[in-house]
Amino acid sequence: MDNLSRMTNHYDLVVIGGGIHGAGIAQAAAAGGFSVLVLEQHSLAHGTSSRSSKLIHGGLRYLESGQMALVRECLHERELLLNLAPDLIQLQPFYIPIYSNTTRRPAQLRVGLSLYALLGGPSSMMNKATRFRRVPRREWDNLDGLATDDLEAVFQYWDGQTDDAALTRAVMRSAQTLGAHLHMPATFTGAQLHEDSCSVTYQHNGQTHTCETKVLVNAAGPWVNRVLGHITPAPAQLAVDLVQGTHLVVAGNITHGIYYVEAPQDQRAVFVMPWQGNTLVGTTETVYKDDPAVPLLPLPQKQEHDYLMQTLAHYFPAYRNQPVILSAFAGLRVLPVGEGKAFSRPRETILHVDRLECPRLLTVYGGKLTAYRLTAERVMQRLVSALPSRTVRADTRTLILSA
Ligand SMILES: Cc1cc2nc3c(=O)[nH]c(=O)nc-3n(C[C@H](O)[C@H](O)[C@H](O)COP(=O)(O)OP(=O)(O)OC[C@H]3O[C@@H](n4cnc5c(N)ncnc54)[C@H](O)[C@@H]3O)c2cc1C
10 MDNLSRMTNH YDLVVIGGGI HGAGIAQAAA AGGFSVLVLE QHSLAHGTSS RSSKLIHGGL
70 RYLESGQMAL VRECLHEREL LLNLAPDLIQ LQPFYIPIYS NTTRRPAQLR VGLSLYALLG
130 GPSSMMNKAT RFRRVPRREW DNLDGLATDD LEAVFQYWDG QTDDAALTRA VMRSAQTLGA
190 HLHMPATFTG AQLHEDSCSV TYQHNGQTHT CETKVLVNAA GPWVNRVLGH ITPAPAQLAV
250 DLVQGTHLVV AGNITHGIYY VEAPQDQRAV FVMPWQGNTL VGTTETVYKD DPAVPLLPLP
310 QKQEHDYLMQ TLAHYFPAYR NQPVILSAFA GLRVLPVGEG KAFSRPRETI LHVDRLECPR
370 LLTVYGGKLT AYRLTAERVM QRLVSALPSR TVRADTRTLI LSA
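In the working numbering, the protein residues as written are 10 to 412.
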């Protein structure tokens, strides 16, 4: 922040939310030379960004719903992030077992994995990250006790795993190094939109503060529409569904890699993966009917526990004997209201502005942890007409992120 900003509390951007998107936008803004303040009501990654499946991936299953552009972009970001954050993101082998009753058949999977490799781009074709193979039967005994009755084939490919909260903190540190400011805990309480700026009110250290900004960015995750309700004149809101995804941390160490299995109950994809010396299993997809309380997120439900534990025990018989659940967490996906099951709805990020020319307010709906950097760059492109010209300080494509 320059001296002028410090004295008058004027910013180019104020960002509401210290999740991966808020941190990413702060980094992109600061790299672009803009003054930026992030307001986070609780702690960094308190919301969805610490409750994800922790995968830096293209999303193999999105190929089934034809979301090629999303998969290609995410694979490109995966490659970039593997280089920028080697301490924080590890390439892991993923295993997909195919049993006699598995819906996706070996030929289908081979096509899907070939397409996934192709979408990774020609530059990465020779990388380990885009290789896949059929695991020979003699190696099946090494797969963490995976059930082998009626097992017909196992495919292996590669994707990234991270600690989502640590990644968010690293991105925010990078933003702060470039001059971004963070107020935390600081709760946004209201904003007034003017012709070409915005007055923002927030609570910080038990006091009410105000500041002026050229642009207000709403990156409040599941709370986005709640935040919009505190802005005058009232901006338009997109109708969204909040879809709860629960994970369980179960005692017992899965070591070999990440297993991508079909839930026996409804054939949805469930991941079983190593996590901090134990096993992480998730997720569910339950439409959440309430307005999420501030600052808490919903608790996992009993039926979600049962669904995940049944799936784990089905594929890993060692977990049939009363395994200990160490912890559980639930996050909320923000999905545009639409027809059909939440599971197959588009996962593209929506950037919603109050007006096309010189927006004063931009809201981020949905999105992927994997694509946070690209989303942040798109946010900055969308806002360029509303911002003063500044001297670029850095390029987010080259900023190293450390744990
Ligand atoms: C179950 C689940 C699994 C997922 N798995 C993956 C995955 O494996 N890979 C992947 O790429 N993506 C995944 N995603 C998507 C990804 O996790 C999210 O898109 C991403 O974390 C959203 O980040 P965000 O910054 O938009 O929101 P959040 O992380 O929710 O951040 C919003 C922040 O805003 C703050 N806030 C809200 N209101 C206020 C206020 N009034 N004042 C101040 N602060 C406020 C909150 O405290 C919160 O910290 C998953 C999502 C879910 C739900």
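Each residue gets a CB set at the ideal place from its N, CA and C atoms; glycine is no exception.
1) Do you know offhand how far G375's Cα is from D250's?
2) Rounded to the nearest angstrom, what separates L341 and P326 at their Cα positions?
3) Below 6 Å CB to CB, which residues in the same chain sit around D11 once its five sequence neighbours on both sides are set aside?
4) For ligand 1, any of its heavy atoms closer than 8 Å to the Cβ of W232?
5) On a CA-only basis, which of R140, V163 and D159 is nearest N151? Give me that one, please.
6) Would DSSP call A403 helix, strand or coil?
7) Do A35 and M181 have their C-beta atoms closer together than 9 Å?
8) Using the DSSP secondary-structure output, state which residues sit across from R342 in a beta bridge.
9) Need the endpoints of the beta strand (DSSP E) that V127 sits in, please.
10) Which complete beta strand (DSSP E) runs does the stretch 189–243 hold, if anything under 3 residues is left out?
11) Going by CA-CA distance only, name the one from V209, N287 and I29 that's closest to T53.
12) Where DSSP assigns a beta bridge to D168, which residues make up the other side?
13) Please classify G75: is it buried, with 16 or more other beta-carbons within 10 angstroms of its beta-carbon, or exposed?
14) Do the CB positions of A228 and V373 come within less than 9 Å of each other?
15) Taking the DSSP output, what are the residues bridged to V393?
16) Can you find the residues in the same chain that come closer than 7 Å, C-beta to C-beta, to V346, ignoring five residues on each side of it along the sequence?
17) Where L13 and L225 are concerned, what is the direct C-alpha to C-alpha distance, given to the nearest angstrom?
18) Tell me which residues share the same chain as A403 and place their Cβ nearer than 7 Å to its Cβ, disregarding the 5 neighbours each side in the sequence.
19) Going by beta carbon distance, what residues of the same chain come within less than 7 Å of S394, once the five residues before and after it are set aside?
20) Hey, quick one: how far does the alpha helix (DSSP H) through L89 stretch, first residue to last?
21) In this structure, how does DSSP classify L48 when only helix, strand and coil are distinguished?
22) Spell out a yes or no on whether the stretch 285–292 and the stretch 231–242 are touching, meaning 3 or more CB-CB pairs, one atom from each, closer than 8 Å.
23) Would you be able to state if there are at least three C-beta pairs under 8 Å between the stretch 271–282 and the stretch 211–222?
24) Which same chain residues, not among the five before or five after D21, have their C-beta less than 6 Å away from its C-beta?
25) Comparing the CB of R235 with every heavy atom of ligand 1, is any distance shorter than 8 Å?
26) Comparing the CB of K311 with every heavy atom of ligand 1, is any distance shorter than 8 Å?
27) Any idea if M134 is buried or exposed, counting beta-carbon neighbours within 10 angstroms, 16 or more meaning buried?
28) Express the C-alpha separation of T57 and L408 in angstroms, rounding to a whole number.
29) Ligand 2 heavy atoms versus the CB of C220: any closer than 8 Å?
30) Suppose you measure from the CA of L215 to the CA of G199; what does that come to, to the nearest Å?
31) What I want to know is whether the C-beta of F103 ends up closer than 8 Å to one or more non-hydrogen atoms of ligand 1.
32) Considering only the beta carbon of each residue, do Y381 and A32 sit closer than 9 Å?
33) How should K63 be labelled, buried or exposed, when 16 other C-beta atoms within 10 angstroms of its C-beta is the threshold for buried?
34) To which residues of the same chain is E82 closer than 8 Å at the C-beta, ignoring the five residues directly before and after it?
35) At a threshold of 8 Å, does C207 count as lining ligand 1 (C-beta to nearest heavy atom)?
36) Please state if the CB of V252 and the CB of T196 are separated by a distance shorter than 9 Å.
In this structure, then:
1) 10 Å
2) 30 Å
3) Low confidence applies here, because D11 scores a pLDDT of 44, under 50, leaving its location unreliable and the question unanswered by this model.
4) yes
5) V163
6) coil
7) yes
8) V252
9) At residue 127 the sequence reads Leu, which differs from the Val that was named. Per DSSP, L127 belongs to no beta strand (DSSP E); it is in the alpha helix (DSSP H), P115 to L128.
10) 190–192, 195–202, 207–213 and 216–227
11) It is worth fixing the name first, because residue 53 is Leu in this sequence and not Thr. Minimum Cα distance to L53 is reached at I29.
12) Q101
13) exposed
14) yes
15) Looking at the DSSP assignment, V393 forms no beta bridge with any residue, so it has no partner.
16) A248, V249 and D250
17) Low local confidence applies: a pLDDT of 40 at L13 is under 50, so the model's placement there is unreliable, and no value is given.
18) A40 and L187
19) E366 and C367
20) M77 to L93
21) strand
22) no
23) no
24) F43, S44, K223 and L396
25) yes
26) no
27) Bear in mind that a pLDDT of 47 at M134, under 50, signals an unreliable position, so the model cannot answer this.
28) 24 Å
29) As far as ligands go, the structure on display features ligand 1 and does not contain ligand 2.
30) Checking the sequence shown, residue 215 turns out to be Gly, not Leu. Going from the Cα of G215 to the Cα of G199 covers about 16 Å.
31) no
32) yes
33) buried
34) A380 and L383
35) no
36) no
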